[in-house]
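Q: Provided herewith is a single structure, encoded as structure tokens, for subsequent inquiry.
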């Protein structure tokens with residue numbers, strides 16, 4: 001290529017725009033032009049420029065008038081960042097008759113790909129670390145200025161004087177007509193999200209993905225997926241998790257870093273500054289291992305580790321000749337800037353394969369186990385599958401006659417398995433990290449694999465969503481009934497948790513917004529539950545047997561095959577022995593149990609949890625209607641009934657002071673002959689019970705069946721924000737009464753609402769109060785402009801048939817706010833048709849919550865409401881006989897209304913309660929979530 005005949009007479013609009021932008025270089029100023037390669041758009045040349053001692057690179061560009069302005073803006077942008085010595089400077093444009101050329105800095109070693117092809121065999125790990133570190137620093141420089149490269153690959157990373165130089169960040173994206181075959185060259189480096197969603201916009205995390213691939217390239221010296229075609233099919237495979245294998249002898253910290261970078265999920269990848277910091281630590285660690293001093297100890301000073309190794313001298317020359325040598329064996333483990341060393345000695349043969357060495361060490365010394373890996377003298381871990389091909393001589397520290405073993409880097413597993421992410425149901429990992437694991441302690445589980453058969457038709461198993469999630473019920477046939485489970489637990493991880501700052505910020509923002517709906521979004525992003533302090537790692541296999549009676553059936557005949565952890569197989573090729581052997585490699589483990597799961601919000605400090613509960617308010621935690629047998633044997637007697645079928649976790653919530661629960665109950669007699677009064681008996685530190693009194697005109701022994709609706713209202717300390725009543729506001733008012741010589745008591749409620757329902761709660765029950773019923777009604781107080789709701793309570797003795805002094809009790813009032821439904825309202829006692837429809841439809845024996853309201857604040861005799869579900873007048877009022885009392889006033893029915901609330905008619909709420917009960921039974925059955 002020459003520079004002759006380069007003067008143009010005709011007006012060139014493109015040339016004019018470049019000159020106006022001060023980006024044009026006269027081609028005649030360049031000399032000694034030499035072709036040095038070929039890029040995506042054409043050839044690349046090296047050239048000297050007049051009055052300059054440096055070389056320049058001239059790179060072909062193909063563009064048109066449509067994107068010319070974009071190209072100019074892009075070059076100007078890149079010129080603003082050329083102060084960094086790891087970024088190739090773009091100077092401008094020059095032109096020949098046949099092509100446009102980009103003028104840029106020259107890199108004497110060409111691309112990273114070229115450099116590795118020529119010099120890889122001479123590179124030490126320190127050299128590789130330095131290249132990786134420079135690369136990350138250069139990209140970090142761009143990201144700090146909110147510039148995304150978008151095209152990082154081994155041809156756009158250049159090397160000049162053995163140093164990294166970045167080129168082409170974003171520029172090629174602006175230019176059209178790139179040959180498709182050349183675009184395919186970048187497929188291994190492209191963010192997999194682009195293959196999943198073609199509209200996905202490449203961003204900083206996309207650059208981090210490319211960094212991950214480039215770090216692998218630096219470790220291997222090879223092109224990624226060099227043995228397959230770079231086409232769309234490869235892109236799809238990559239988007240489904242296909243990755244290059246870790247190169248044997250790659251230091252574990254380094255491989256851990258690039259596997260984190262090339263994670264499919266962008267939110268899991270580190271940011272570039274984290275990559276820089278981790279590479280900095282890896283470089284330091286490498287330098288520590290190269291130190292050679294005389295004493296054997298570990299010191300820590302300003303986060304620097306000094307490792308000193310003392311060699312063991314072997315005195316028996318014959319052993320050297322035969323290959324048998326007494327080696328010092330050091331078990332290394334890195335923990336938060338500390339290097340823990342445990343040493344022992346053993347007689348080993350230099351020519352033995354590592355797989356044989358492993359078995360010998362297991363027999364000779366109890367310290368060897370499947371969690372330990374071999375490492376070379378640079379602390380590069382040897383993959384388990386490579387132990388059959390590598391002999392001891394290849395990895396031994398010959399200078400010190402020392403063999404290194406490395407304990408698993410559980411940080412690697414924590415990140416790979418996303419253990420710091422919350423879970424949703426059914427057991428999907430959330431997209432954002434909820435917490436950080438601290439002080440992790442590892443316990444090796446020495447159990448053998450456990451085999452079990454489970455009948456999928458058993459009711460308990462049907463409720464086990466954590467099991468059925470793993471078994472694809474959509475593929476099961478009607479005959480599939482037995483599930484064979486192989487479970488192999490390898491280690492237990494015990495740890496402390498600390499909430500992730502992003503999670504805490506999201507919660508604080510939701511609290512400050514005073515919008516409780518935002519908590520539902522938080523659980524979608526960060527998960528619903530997390531482990532309290534322990535998870536089990538290992539593997540599990542499921543096989544659904546269509547012919548459960550044939551115990552001799554092989555796995556190849558099983559349908560609906562699923563593996564969690566271990567080597568992957570398809571059903572017909574499953575090899576149990578090979579699968580179990582693959583679990584000797586800790587990288588093949590999965591999380592198979594979450595012990596004692598807790599709500600993600602229990603990661604937060606108590607004060608934040610209280611603010612959440614206060615903002616969300618109280619909810620219906622439990623609702624159920626049960627049948628009871630009732631016996632009345634003498635006047636004034638009562639019966640104490642145990643609460644039926646209450647799930648144990650609900651009983652635990654009742655004990656939780658933070659839940660601040662109240663219990664409400666209403667009762668209906670099947671035959672509708674008498675009035676029944678229900679009170680709550682809740683002694684301190686005991687489970688609550690029901691006190692039922694039967695009110696009769698004339699005593700008669702009775703045996704009857706009662707229907708009782710029980711409702712528990714309180715703060716949902718499980719932090720479940722998928723509730724159907726999430727937008728309904730409930731408030732509980734409590735009024736405390738102390739025994740006195742008064743028979744009635746009035747209170748004005750703090751919250752003014754016509755939808756109030758109440759019940760008395762007794763802490764003790766003895767001869768002084770066991771025949772007393774505590775009745776109540778609500779009334780309107782004040783004038784029309786300042787009308788308030790009041791509560792009137794009274795005490796009546798059934799044994800003596802007269803007013804009685806009020807005992808010690810607490811009255812709980814449920815106030816329903818902003819709830820509009822056909823299942824709740826206020827009605828006159830004379831709306832017969834409406835009452836009939838409300839009280840008799842669906843189920844005539846279903847009790848409802850009923851409260852009487854008087855429109856006048858008068859003194860009158862005690863009055864009770866009775867539900868007559870088989871009568872047109874569905875609600876009746878009952879006055880007592882007051883022959884022995886002075887108060888005989890009665891009030892007209894016209895001055896009474898009643899409020900009603902029937903949550904049992906809310907189908908969504910009932911479905912929710914049924915599901916809640918099923919899940920509760922599961923948790924009682926096994927407080928471990930199986931994954």
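In UniProt numbering, the protein residues as written are 1 to 931. Glycine included, each C-beta is placed from N, C-alpha and C at the ideal position. Since the model is a prediction, treat every value here as computed from it, not as a measurement.
(1) Anyone know if the C-beta pair for residue 974 and residue 807 falls short of 7 Å?
(2) Entirely within the segment 725-764 and at least 3 residues each: give me those beta strand (DSSP E) ranges in chain order.
(3) For a test of the three-state rule: what should DSSP assign to residue 952, helix, strand or coil?
(4) What does the Cβ neighbour count give for residue 789, buried or exposed, with the cut at 16 atoms within 10 Å?
(5) At the level of alpha carbons, what is the spacing between residue 952 and residue 710?
(6) Can you tell me which residues form a DSSP beta bridge with residue 957?
(7) My understanding is that residue 496 touches residue 439, with C-beta atoms under 8 Å, so please give their C-beta distance in whole angstroms.
(8) Assuming residue 491 contacts residue 417 under a Cβ cut-off of 8 Å, what Cβ separation, rounded to an integer in Å, is found between them?
(9) Quick check on this structure: which residue in 623, 452 and 518 has the alpha carbon closest to the alpha carbon of residue 544?
(10) Do residue 594 and residue 535 have their CB atoms nearer than 7 Å?
(11) Would you kindly report the start and end of the unbroken beta strand (DSSP E) that includes residue 229?
(12) Going by DSSP, name the residue or residues bridged to residue 277.
(13) Could you check if residue 817 is buried or exposed, using at least 16 other CB atoms within 10 Å of its CB as the buried criterion?
(14) Is residue 773 closer than 7 Å to residue 796 when the C-beta atoms are compared?
(15) Take residue 621 as the anchor and find which of 573, 664 and 569 has the nearest alpha-carbon.
(16) Between residue 851 and residue 778, how many whole angstroms is the CB-CB distance? I'm expecting something under 8 Å.
(17) With a Cβ-Cβ cutoff of 7 Å, do residue 602 and residue 539 count as a contact?
(18) Would you check whether the ligand NAP has a heavy atom nearer than 6 Å to the C-beta of residue 209?
(19) Quick check on residue 588: does DSSP put it in helix, strand or coil?
(20) Check whether the Cβ atoms of residue 380 and residue 275 sit closer than 7 Å, and answer yes or no.
(21) Using a threshold of 7 Å, state whether the C-beta atoms of residue 384 and residue 130 are closer than that.
(22) Give the secondary structure of residue 94 by DSSP, where H, G and I count as helix, E and B as strand, and everything else as coil.
(23) How many Å lie between residue 855 and residue 896 at the Cα?
(24) Determine the direct distance from the alpha carbon of residue 396 to that of residue 195, and round the result to whole angstroms.
(25) Could you check how far apart the C-beta atoms of residue 116 and residue 235 are, in whole angstroms? I think they sit under 8 Å.
(26) For residue 549, I'd like the list of residues in its chain whose CB is within less than 7 Å of its CB, leaving aside the five on either flank, ordered along the chain.
(27) Locate the alpha helix (DSSP H) running through residue 143, then write down its first and last residues.
(28) Buried or exposed for residue 376, please, with buried defined as at least 16 other CB atoms from any protein chain shown within 10 angstroms of its CB.
(29) Quick check: the Cα distance between residue 363 and residue 132, rounded to an integer number of angstroms?
(30) Taking just the CA atoms, how far does residue 632 sit from residue 705?
(31) On the criterion of 16 or more Cβ atoms from any shown chain inside 10 Å, does residue 716 qualify as buried, or is it exposed?
(32) Considering only their Cβ atoms, is the gap separating residue 192 from residue 225 smaller than 7 Å?
(33) Restricting to Cα atoms, I'd like to know which of 409, 636 and 232 is closest to residue 190.
(34) Within its chain, find whatever has a CB closer than 8 Å to the CB of residue 110; leave out the 5 residues flanking it on each side and keep chain order.
(35) On the CB-based measure, 16 or more other CB atoms within 10 Å of its CB, does residue 911 come out buried or exposed?
(36) In the DSSP assignment, what are the bridge partners of residue 523?
A: Reading it off the structure:
(1) A query on residue 974 cannot be resolved here, the shown segment of the chain reaching from 1 to 931 and no further.
(2) 729-737, 744-748 and 756-762
(3) Lying before the first or after the last residue shown, residue 952 is absent from the chain, which here runs from 1 to 931.
(4) buried
(5) Because the chain in this structure spans residues 1 to 931, residue 952 falls outside the shown range and cannot be described.
(6) The question about residue 957 has no answer, for the chain in this structure spans 1 to 931.
(7) 5 Å
(8) The C-beta separation of residue 491 from residue 417 comes to about 12 Å, leaving the pair out of contact by the 8 Å criterion.
(9) 452
(10) yes
(11) For residue 229, there is no enclosing beta strand (DSSP E), as DSSP marks it with neither H nor E.
(12) None; residue 277 has no bridge partner.
(13) exposed
(14) yes
(15) Residue 664 holds the alpha-carbon nearest to the alpha-carbon of residue 621 among 573, 664 and 569.
(16) 6 Å
(17) no
(18) Inclusion of the ligand NAP in the displayed structure is not the case, the ligand content being empty and no account of it being possible.
(19) DSSP places residue 588 in helix when its eight states are reduced to three.
(20) no
(21) Going by C-beta atoms, residue 384 is not nearer than 7 Å to residue 130.
(22) strand
(23) 6 Å
(24) Across the structure, residue 195 and residue 396 are spaced so that their CA atoms are roughly 44 Å apart.
(25) That belief does not hold up - the Cβ atoms of residue 116 and residue 235 are roughly 23 Å apart, past 8 Å.
(26) Confidence is the limiting factor: at residue 549 the pLDDT is only 46, short of 50, which leaves the residue's position unreliable, though a coordinate-based value still follows. So no residue of the chain qualifies.
(27) 125-144
(28) buried
(29) 41 Å
(30) Residue 705 and residue 632 have their C-alpha atoms spaced approximately 12 Å apart.
(31) buried
(32) no
(33) That would be 232, whose Cα lies nearest to the Cα of residue 190.
(34) So the qualifying residues of the chain are 36, 37, 158 and 159.
(35) exposed
(36) Its beta-bridge partners do not exist; DSSP assigns none.
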